[in-house]
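See below for the structure under consideration.
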Amino acid sequence: MTGAGGQLGRALTEAFADDEVVALGREQWDVALPPPLLEAPDLVLHAGAWTNVDGAEDDPQGAAAVNVGGTQNVASLGAPLVYYSTDYVFDGTKRTPYVESDAPNPASAYGRTKLHGEAAAGEQAWIVRSSWLFGPTGHNFVRTMLRLGAENDEVAVVDDQRGSPTYVGHLAEATRAVVELPFGVYHVAAEGDCTWADFAEAIFEHAGLETRVRRITTEELGRPAPRPAYSVLRSEKPETPVLPNWREGLRECLERLG
Ligand SMILES: NC(=O)c1ccc[n+]([C@@H]2O[C@H](COP(=O)([O-])OP(=O)(O)OC[C@H]3O[C@@H](n4cnc5c(N)ncnc54)[C@H](OP(=O)(O)O)[C@@H]3O)[C@@H](O)[C@H]2O)c1
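Going by numbering that gives the first Met the number 0, the sequence shown opens with residue 0, and the numbers climb by one from there.
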């Protein structure tokens, strides 16, 4: 496994605890560099990536070195590989869920590198597209809101982007089922959808915080990278594992955070 220190990497380490997992963080393998001498694995879970969406606008080459070049390096191991991709490969102009046969058209540098990374994963790969990941560790929206909510009476949150916040524990469990399926692209995101503002309200409510959410637009927030206004993912393949609703993921995440 690559990216073992990330939020998904940690969840995968738990989900695959019964298997013989070699969990490599960036310190053990910077994937932008050729692979260390490893015994060829049966399966690679490639969770290492450049995930700084705004930072990729300033340094698209740096992001590509990790997300495209890094994926080529991982694929060079010659083992079947799970590549995690993103809803940000879509432009967000649809108003019904994106399925696997919809044409990608990324609006951001990050989205472009992740799409090229899909191609770099090669033929022996499961491309697992998910969205709005959160979990008990690392940088994510839930942890940011819990911090801001504890410090402020009101928090301004974007209300014109709609997606499906996905709990990394659910995605990691679903990965076990995906690797039993034929290679290909699979949309694996939580059931249900909401805006970031809705998500923030649910976080405060579940956490027992009185913090109010002030609903703002993407333009008001003024982040460097464009984000899709709508990026709900669903699968058109009947065999794709179905994840629990994002509210259930939030409940499990907050339980883990104590
Ligand atoms: N987060 C989301 O909302 C989201 C949504 C859809 C898909 N995804 C995809 O899901 C996957 C996992 O994301 P995540 O949320 O778990 O991200 P994350 O918490 O940022 O984890 C990514 C991990 O990759 C590591 N990494 C960065 N550059 C590396 C390099 N050159 N070599 C090896 N490792 C490197 C990071 O290490 P450092 O901490 O040292 O940088 C970090 O541990 C990624 O492919 C991401 O694109 C994420």
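Each residue gets a CB set at the ideal place from its N, CA and C atoms; glycine is no exception.
Since this is a predicted model, take the numbers as computed values, not measurements.
Where does residue i sit, in a helix, a strand or coil, going by DSSP?
i, result
"Val187", "coil"
"Gly162", "strand"
"Arg175", "helix"
"Ala3", "coil"
"Glu38", "coil"
"Glu122", "coil"
"Glu204", "helix"
"Leu114", "helix"
"Thr143", "helix"
"Arg211", "strand"
"Phe133", "strand"
"Val167", "helix"
"Thr239", "coil"
"Thr12", "helix"
"Val88", "helix"
Rounding to the nearest angstrom, what Cα-Cα distance links residue i and residue j in this structure?
i, j, result
"Pro103", "Tyr229", "13 Å"
"Val67", "Val88", "14 Å"
"Thr239", "His186", "8 Å"
"Arg214", "Ser107", "23 Å"
"Asn72", "Leu242", "30 Å"
"Val154", "Leu249", "19 Å"
"Ala224", "Asp53", "5 Å"
"Gly162", "Ala188", "9 Å"
"Ala46", "Arg9", "10 Å"
"Asp57", "Arg111", "14 Å"
"Arg146", "Gly5", "19 Å"
"Glu251", "Lys236", "27 Å"
"Lys93", "Leu232", "11 Å"
"Thr95", "Ala196", "20 Å"
"Leu76", "Glu209", "51 Å"
"Trp49", "Val65", "6 Å"
"Ala170", "Trp245", "Position check: residue 170 holds Leu in this sequence, whereas Ala was assumed. Leu170 and Trp245: Cα-Cα distance of roughly 11 Å."
"Glu247", "Pro135", "14 Å"
"Asp159", "Thr85", "19 Å"
"Pro33", "Glu254", "39 Å"
"Leu37", "Leu11", "20 Å"
Terminal residues of the continuous beta strand (DSSP E) containing residue i?
i, result
"Leu44", "43-45"
"Thr70", "Not the beta strand (DSSP E): Thr70 falls in the alpha helix (DSSP H), residues 69-74."
"Ala63", "First-last for Ala63: 59-63, but that is the alpha helix (DSSP H), not the beta strand (DSSP E)."
"Ala155", "153-157"
Cβ of residue i within 7 Å of any heavy atom in ligand 1?
i, result
"Tyr185", "no"
"Pro25", "The sequence shown places Arg at residue 25, not Pro. Yes - ligand 1 has a heavy atom lying nearer than 7 Å to the Cβ of Arg25."
"Val67", "no"
"Tyr83", "yes"
"Leu242", "no"
"Gly5", "yes"
"Gly2", "yes"
"Gly61", "no"
"Ala119", "no"
"Asp29", "yes"
"Ser130", "yes"
"Lys93", "no"
"Trp49", "yes"
Go to residue i, then tell me how far its alpha helix (DSSP H) extends in each direction, as first and last residue.
i, result
"Thr217", "217-220"
"Asn80", "Reading off the sequence shown, one finds Leu at residue 80, where the question assumed Asn. Unbroken run through Leu80 is the beta strand (DSSP E), 80-85; no alpha helix (DSSP H)."
"Glu254", "245-256"
* Would you check if there are 3 or more beta carbon pairs closer than 8 Å linking the stretch 170-179 to the stretch 198-205? => Here the stretch 170-179 makes no contact with the stretch 198-205; the two share fewer than three CB pairs at distances below 8 Å.
* Asked: Would the stretch 140-151 and the stretch 9-25 be scored as touching if the rule is three or more Cβ pairs under 8 Å?
  -> no
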